[in-house]
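Here's the structure we're looking at; comments come further down.
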Amino acid sequence: MKLFDVYPRWQIEPVSAKGCKIYDKEGTEYLDFYGGHAVISIGHSHPKYVEAITNQVNKIGFYSNSVLNSLQDEYAEKLGQLSGYDDYSLFMVNSGAEANENALKLASFYNGRKKIVAFRHAFHGRTFAAVKVTDIPAYLAPINEGLQVNFLPFNDIAVVREVLQQNEISSLIVEGIQGIGGIQVPAPGFLQELRKVCDETDTVLILDEIQSGYGRSGKFFAHQYAGIRPDIISIAKGMGNGFPVSGVLIAPKFKAVSGQLGTTFGGNHLACAAANAVIDVIREENLIENAAEVGAYLMTELKNIPRIKEVRGYGLMIGLEFEEPIKPMRDRLLAEEKVFTGVTGAHVFRLLPPLCVSKEEVDEFLKRFKKVIV
Ligand SMILES: Cc1ncc(COP(=O)(O)O)c(C=O)c1O
């Protein structure tokens, strides 16, 4: 059997990794400023993480959600404390798209409405509702027709207000920082205004923190820069440091209805072991503070490079926009300088290193990066 060929791939096969470094079969070392698509939070192969997963699989790796699993409660408590949402409830699933799918459904169960507002250039995943609120028409199949989604310009509160005032919108979904849309940070006041208009119209405010959350922005959630509290928050990526696990944080006003949501794999023992280890390491090693500090240093240094048109982001979620297409620079960075980076569109680098990246590694990155952008 062959693989279904949907991914453009680099001709590199990582076989091991440690911290912010990746190694291929020949032993070549790469600097990871992509974090496997913003997934690696505490660093590759962290010993505590490896130990926790190994110990857990030696005891019990999986059982269904029809039995008690105190690892879930332990995780929910830690997450509540570290994120500042200890009065919210947690529903655990397996991927980012699935988290958003459940968030959108929960909103609709809650207010009985059918329409959704999302933003231009948004990305929320590939499953039925998640792909429909993603502003990339090429990802839609004919079966996705039916669900009504209104894509509004990001940061334009007047238009949002006009649409929401029809009192027909079930939920409004927005990323903490638009990732695939080019590392677009919400304009000052925008999220606060969204919160206000959602309250006025009984629209459920969903914050997709799948890429911008889990400490990457230098706060636990990027929306915390705006000081608001959404109704529902979706998390994934950094939560498991590569183990597939995701979740939905749900405000107290939503009442759980038995059987309304469900999953076979979500919140299984291994996933909880991974999530518990990750959150412990984030706390013990002050990785959110590190993301804020090292990220600020990296951004300051990048802003001194005249070739870069614009540097955007918070913490370790950084977009670098160039006038010209970046593909040749990115290819050289990987082939010659052995550095992984992310990209969005043709002109924007996305830097998403593990949250444990050090200043020395940032200096090393800058040295190599400058070589390819001259
Ligand atoms: C903001 C955002 N939402 C949702 C998703 C979908 O997550 P997954 O690929 O785990 O389904 C992604 C993935 O890149 C994302 O960046």
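Following this note's numbering, the numbering of the sequence shown begins with 1 at its first residue and continues without gaps.
From the three backbone atoms N, C-alpha and C, an ideal C-beta is built for every residue, glycine too.
- For residue 26 and residue 9, the gap between their C-alpha atoms comes out near 18 Å.
- Residue pairing from DSSP places residue 246 in a beta bridge opposite 93.
- Judged by their CB atoms, residue 191 and residue 223 are nearer to each other than the 8 Å cut-off.
- In the DSSP annotation of this structure, residue 229 is not part of any alpha helix (DSSP H), being labelled neither H nor E.
- The count of Cβ pairs closer than 8 Å, one atom from the segment 179–186 and one from the segment 140–147, stays below three, leaving the stretches out of contact.
- Look at residue 119 here: in three-state DSSP terms it is strand.
- The Cβ atoms of residue 340 and residue 326 do not sit closer than 8 Å to each other.
- For residue 95, the distance from the CB to the nearest heavy atom of ligand 1 is below 7 Å.
- Ranked by Cα distance from residue 133, the first of 97, 24, 159 is 97.
- The Cβ-Cβ distance between residue 316 and residue 342 does not fall below 8 Å.
- Contact between the segment 45–57 and the segment 276–286 is present: three or more C-beta pairs spanning the two stretches fall below 8 Å.
- Of 131, 83, 167, 214, the smallest CA-CA separation from residue 42 is found for 214.
- Remark: the shortest separation between the CB of residue 123 and any heavy atom of ligand 1 falls under 7 Å.
- If you compare the alpha carbons of 354, 256, 333 with that of residue 282, the shortest gap goes to 354.
- Where residue 317 is concerned, the enclosing beta strand (DSSP E) starts and stops at 317–321.
- With at least 16 other beta carbons inside 10 angstroms of its own, residue 361 counts as buried.
- Proximity to residue 99 across 12, 293, 233 peaks at 233, based on C-alpha coordinates.
- Around the C-beta of residue 57, fewer than 16 other C-beta atoms lie within 10 Å, and the residue is accordingly described as exposed.
- Rounded to whole angstroms, the Cβ separation of residue 309 and residue 322 is 6 Å, and the two are in contact under 8 Å.
- Comparing C-alpha distances from residue 359 to each of 334, 298, 336, 157 shows the shortest one belongs to 298.
- Contact between the segment 247–267 and the segment 106–120 is present: three or more C-beta pairs spanning the two stretches fall below 8 Å.
- From the listed residues 244, 110, 199, the smallest Cα separation to residue 254 is found for 110.
- Sequence-distant partners of residue 118 (beyond 5 residues in either direction) whose C-beta falls short of 6 Å from its own C-beta, in its chain, are 133, 149, 151, 173.
- Per DSSP, the beta bridge partners of residue 19 are 44.
- Residue pairing for residue 234: DSSP places it in a beta bridge opposite 208, 248.
- With contacts defined as CB atoms closer than 8 Å, residue 3 and residue 20 fail to qualify as a contacting pair.
- Classified as buried, residue 219 has 16 or more neighbouring CB atoms from the shown chains inside 10 Å of its CB.
- In the structure shown, residue 137 adopts helical secondary structure according to DSSP, grouped into three states.
- Shown here, residue 14 sits in a strand according to DSSP, grouped into three states.
- Within the DSSP bridge table, the entry for residue 342 names 350 as partners.
- Remark: C-beta atoms of residue 194 and residue 231 do not approach each other more closely than 8 Å.
- Residue 154 sits in coil when the DSSP states are folded into three classes, being neither helix nor strand.
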